[in-house]
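Asks:
Protein chains: 2
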Amino acid sequence: MTTSDAAAGSALGAAAARLRVAVPSVADRVAAELRLQLAEGVLLPGARLTESTIAEDLGVSRNTVREAFAELAAERLVVRHPNRGVFVASLEAGDIHDVYTVRRAIEVSAIRGGGSPERVAAVRAAVEEGKAAAAANDEEGLGNANQHFHGAIVALAGSRRLDTIMSQVLAEMRLFFHKATVDAHFYRGYLPDNEEICNALEAGDLDHAGELLLAYLNRSEERQSAVHGE
Amino acid sequence: MTTSDAAAGSALGAAAARLRVAVPSVADRVAAELRLQLAEGVLLPGARLTESTIAEDLGVSRNTVREAFAELAAERLVVRHPNRGVFVASLEAGDIHDVYTVRRAIEVSAIRGGGSPERVAAVRAAVEEGKAAAAANDEEGLGNANQHFHGAIVALAGSRRLDTIMSQVLAEMRLFFHKATVDAHFYRGYLPDNEEICNALEAGDLDHAGELLLAYLNRSEERQSAVHGE
DNA sequence: CTTTGCCCGATTGTTCAACAATCCGACGAT
DNA sequence: ATCGTCGGATTGTTGAACAATCGGGCAAAG
Chain A
1 MTTSDAAAGS ALGAAAARLR VAVPSVADRV AAELRLQLAE GVLLPGARLT
51 ESTIAEDLGV SRNTVREAFA ELAAERLVVR HPNRGVFVAS LEAGDIHDVY
101 TVRRAIEVSA IRGGGSPERV AAVRAAVEEG KAAAAANDEE GLGNANQHFH
151 GAIVALAGSR RLDTIMSQVL AEMRLFFHKA TVDAHFYRGY LPDNEEICNA
201 LEAGDLDHAG ELLLAYLNRS EERQSAVHGE
Chain B
231 MTTSDAAAGS ALGAAAARLR VAVPSVADRV AAELRLQLAE GVLLPGARLT
281 ESTIAEDLGV SRNTVREAFA ELAAERLVVR HPNRGVFVAS LEAGDIHDVY
331 TVRRAIEVSA IRGGGSPERV AAVRAAVEEG KAAAAANDEE GLGNANQHFH
381 GAIVALAGSR RLDTIMSQVL AEMRLFFHKA TVDAHFYRGY LPDNEEICNA
431 LEAGDLDHAG ELLLAYLNRS EERQSAVHGE
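As you go down the protein sequences, you meet chains A and B in turn.
Residue numbering for the first sequence follows this note's numbering, starting at 1 and increasing by one per position.
Residue numbering for the second sequence follows this note's numbering, starting at 231 and increasing by one per position.
1) I want to verify the contact list: residues of chain B whose CB lies under 9 Å from the CB of residue 101 of chain A, in sequence order.
2) Counting only the same chain and skipping the five closest in sequence on each side, list residues whose C-beta sits under 6 Å from that of residue 423 of chain B.
3) Using beta carbons (cut-off 8 Å, strictly below), is residue 301 of chain B in contact with chain A?
4) In terms of residues, what are the limits of the alpha helix (DSSP H) holding residue 66 of chain A?
5) Excluding the five sequence neighbours on either side, which residues of its own chain have a C-beta within less than 6 Å of the C-beta of residue 450 of chain B, listed in chain order?
6) Hey, is the segment 380-391 of chain B in contact with the segment 333-346 of chain B, meaning 3+ C-beta pairs nearer than 8 Å?
7) Confirm, please, whether the CB-CB distance from residue 417 of chain B to residue 388 of chain B is below 8 Å.
8) For residue 197 of chain A versus residue 214 of chain A, is the C-beta spacing smaller than 8 Å?
9) Flag this pair as touching only if the segment 90-97 of chain A and the segment 48-66 of chain A have three or more C-beta atom pairs under 8 Å; answer yes or no.
10) Would you mind reading off the limits of the alpha helix (DSSP H) that contains residue 150 of chain A?
11) Whole-angstrom Cβ separation of residue 297 of chain B and residue 66 of chain A, contact assumed at under 8 Å?
12) Indicate whether the contact test is met: 3 or more Cβ pairs, each with one atom in the segment 31-38 of chain A and one in the segment 71-80 of chain A, closer than 8 Å.
13) Between the alpha carbons of residue 122 of chain A and residue 195 of chain A, how many angstroms are there, rounded?
14) Where does residue 160 of chain A fall in DSSP's three states?
15) Specify the secondary structure class of residue 274 of chain B as computed by DSSP and reduced to three states.
16) Taking 8 Å as the CB-CB cut-off, is residue 457 of chain B touching chain A?
17) Quick one, which residues of the segment 266-297 of chain B are near chain A if we go by CB-CB under 9 Å, in chain order?
18) How many Å lie between residue 134 of chain A and residue 178 of chain A at the Cα?
19) Give me the chain B residues within the contact set of residue 98 of chain A, using Cβ-Cβ distance strictly less than 7 Å, ordered along the chain.
20) Identify whether residue 253 of chain B lies in helix, strand or coil by the three-state DSSP scheme.
21) In angstroms, rounded to a whole number, what distance separates the CA positions of residue 62 of chain A and residue 49 of chain A?
22) Could you name the residues that DSSP lists as bridge partners for residue 81 of chain A?
23) Taking all protein chains shown into account, do 16 or more other C-beta atoms lie within 10 angstroms of the C-beta of residue 301 of chain B, making it buried, or fewer, making it exposed?
24) Which residues bound the alpha helix (DSSP H) around residue 421 of chain B?
25) Cutting at 8 Å between CB atoms, please list the residues of its own chain near residue 41 of chain A, excluding the five before and the five after it.
26) My assumption, with CB atoms under 8 Å, is that residue 149 of chain A sits in contact with residue 126 of chain A. Please give the rounded CB distance.
Here is the structure:
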């Protein structure tokens, strides 16, 4: 009886979470706003975020800003220096390797597990999105398409947890890119790789796809390390 | 110059983080206390955590408890139901598979990368710890040793991020175990597996070690799913 | 001229009190 | 028995307050 109660309880809870019509808490909205500014490069790595300033800028209480900071800190987008304030996270050399270690683990694992046809189609869609952006000389679109591509690969696994981990990693990398401007042809060279990986995936040659992806990630890390301080 | 400044700044920041002599914020201590109670099963899945109660129990402000909740929610140990309160997370069938998907990704990836001799030694130490606990009929020790074993495997990769992800996943599983009491011989059957994996790792046969580990995780997931509601 | 020590302003960490919004359960009407 | 309605309890959010801590500037000492 207790088990059925618990089951019913969590089922309702899940339904509520699904049906909920977008009433995010104020702290969540503040966090979302800051996330946006971080992604767009309005807030650059190393920048300081003063509680009172943000509080009055956004018209909310300082305590609320504080809660938003906790969210962002948990996502590593921001670091807290006790008694000194919070600063936009700034990745250093070691972090690059660390981030790519995570990406190798979850992306390769996901692609080697294959995925439903719809999810494979999502990967293909990201490839096409990249080609379209390249044709239109849309550099920002190229970057987004690339992130969609890798996000779609992880989504193959169909794991909520892996998806959130990946999205956080991508957010970190986005932050990182703002530090050193990427040259115009940065992503363009990866388009053929993406397509080849996608081809292998569609052909069901998962081992090969995994190897290609792994090689891609290694090359990408090398390039990132070279571009930045090192 | 700005780059050197930034580098110096983060270097100092890292040093400060390393040297800091344990002055965790109050919110952090509250979170730690709750984490402990969660791990020990004092707080069972589904239980409600009332802000005011915890606040006066621990002698801190409600806002501080709130911040601690944010930490725990980010770690998925607790779920927030808006306007209703926070509840100890309770994993359901789907979550088991999800958690094991994450474990497969990061543990297999880590072991296939090998690791420094010291880190391999740490894996061996966890195996011995398990054998000692088995000899002493220490069931709780067996469980801990098993978690140390898998933690040590992930630590092979030497990635801060992977380590924290793994520790969070292990915390989630710990929570999960409290739901259905595990029978006395639950872990004992895994001891030979652990040793065999460790042997392969020490022998440098990483592919084999990876396969063994993967098989182990699949079996483990199957068993967990069977034990619990299904 | 450099270094040491000290103090001051600014910001964070934490608490407290208050109020609106929301939810749960009980009570009562139909 | 079902459905509204109401009241109590808890959360969400705010504002203000105070101690603790930090960084920088200034002055004194070497």
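C-beta atoms are modelled at their ideal positions from N, C-alpha and C, and glycine is treated no differently.
Replies: Reading off the structure:
1) Against chain B, a Cβ distance below 9 Å from residue 101 of chain A picks out 339, 340, 343, 387, 388, 389, 391, 392.
2) For residue 423 of chain B, where only same-chain residues beyond five positions count, the Cβ hits under 6 Å are 446.
3) For residue 301 of chain B, the answer is yes, since a Cβ of chain A falls inside 8 Å of its Cβ.
4) Residues 62-74.
5) Answer for residue 450 of chain B: no residue qualifies.
6) The segment 380-391 of chain B, when compared against the segment 333-346 of chain B, does touch it at the 8 Å Cβ threshold.
7) Using a Cβ distance threshold of 8 Å, residue 388 of chain B and residue 417 of chain B do not count as a contacting pair.
8) No.
9) For the pair of segments examined, the segment 90-97 of chain A was found not to touch the segment 48-66 of chain A: the number of CB pairs separated by less than 8 Å stays below three.
10) For residue 150 of chain A, the enclosing alpha helix (DSSP H) covers residues 139-155.
11) Confirmed, about 7 Å.
12) The answer is yes - the segment 71-80 of chain A touches the segment 31-38 of chain A, with three or more Cβ pairs under 8 Å.
13) Taking the straight line from one Cα to the other gives about 13 Å.
14) Three-state result, residue 160 of chain A: helix.
15) Residue 274 of chain B sits in coil when the DSSP states are folded into three classes, being neither helix nor strand.
16) Answer no: the Cβ-Cβ gap between residue 457 of chain B and chain A never drops below 8 Å.
17) Close to chain A, meaning a Cβ-Cβ distance shorter than 9 Å, are the following residues of the segment 266-297 of chain B: 275, 276, 293, 296, 297.
18) Cα to Cα, the separation comes out at about 21 Å.
19) Under the 7 Å cutoff, chain B gives 389, 390, 391.
20) Residue 253 of chain B falls in the coil class under three-state DSSP.
21) Inter-residue distance for residue 62 of chain A and residue 49 of chain A is about 12 Å (C-alpha atoms, whole angstroms).
22) DSSP, once it has assigned bridges, lists A:85 as partnering residue 81 of chain A.
23) Result: buried.
24) Its alpha helix (DSSP H) spans residues 421-432.
25) Within the same chain, residue 41 of chain A has close Cβ partners 178.
26) With a Cβ gap of about 4 Å, residue 149 of chain A and residue 126 of chain A count as contacting.
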